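Everything in the sequence shown is counted per this note's numbering, starting at 81 for the first residue and increasing by one.
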Amino acid sequence: ASVFAYAEWLGINLDKDADLLWIARIGLVAPLPFPWKPCQAADDGELFFVNFETGESVWDHPNDEYHRQLLADESAKKYDVAMLAEHNR
Numbered sequence: 081a082s083v084f085a086y087a088e089w090l091g092i093n094l095d096k097d098a099d100l101l102w103i104a105r106i107g108l109v110a111p112l113p114f115p116w117k118p119c120q121a122a123d124d125g126e127l128f129f130v131n132f133e134t135g136e137s138v139w140d141h142p143n144d145e146y147h148r149q150l151l152a153d154e155s156a157k158k159y160d161v162a163m164l165a166e167h168n169r
């Protein structure tokens with residue numbers, strides 16, 4: 081996936097939040113946490129992830145939720161600072 085496609089999938093507004101693209105960049109190269117492993121569906125070849133200790137399987141990378149939360153936190157910081165600056169004018 082491209083950085084821009086992943087950024088949009090995470091919820092980054094490319095017009096307003098290009099400064100947060102670093103989150104998509106690190107998300108695309110994030111290693112799988114132990115004990116997750118990538119697997120491929122037999123019917124369509126789609127990639128999914130399996131935790132071989134718990135048996136859980138998911139379609140999204142196990143770290144995607146972390147990167148969504150990181151985006152939410154960084155967005156909140158960014159817009160809180162902007163609102164504070166506007167309020168202090």
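Heads up, the beta-carbon is just placed ideally off N, CA and C, and yes, glycines get one too.
This one's a predicted model, so the numbers in the text were calculated from it and none came from an experiment.
Distance between residue j and residue i (C-alpha atoms, nearest Å)
i: LEU94; j: ALA85; result: 10 Å
i: SER155; j: PRO142; result: 21 Å
i: PHE128; j: THR134; result: 15 Å
i: CYS119; j: SER82; result: 21 Å
i: ALA98; j: ASP144; result: 19 Å
i: ASP124; j: ASP140; result: 16 Å
i: PRO113; j: SER137; result: 13 Å
i: LYS158; j: GLU126; result: 36 Å
i: ASP173; j: ALA121; result: Since the first residue of the chain shown is 81 and the last is 169, residue 173 is not available in this structure.
Nearest-angstrom Cβ-Cβ length linking residue i and residue j, presumed shorter than 8 Å
i: ILE92; j: ILE103; result: 7 Å
i: PHE132; j: PRO115; result: 5 Å
Environment of residue i [buried if 16+ CB atoms lie within 10 Å]
i: LEU151; result: buried
i: ALA87; result: buried
Residue i and residue j closer than 8 Å at C-beta
i: LYS117; j: VAL109; result: no
i: ARG148; j: LEU101; result: no
Residue i - DSSP class collapsed to helix/strand/coil
i: LYS158; result: helix
i: LEU90; result: helix
i: TRP102; result: helix
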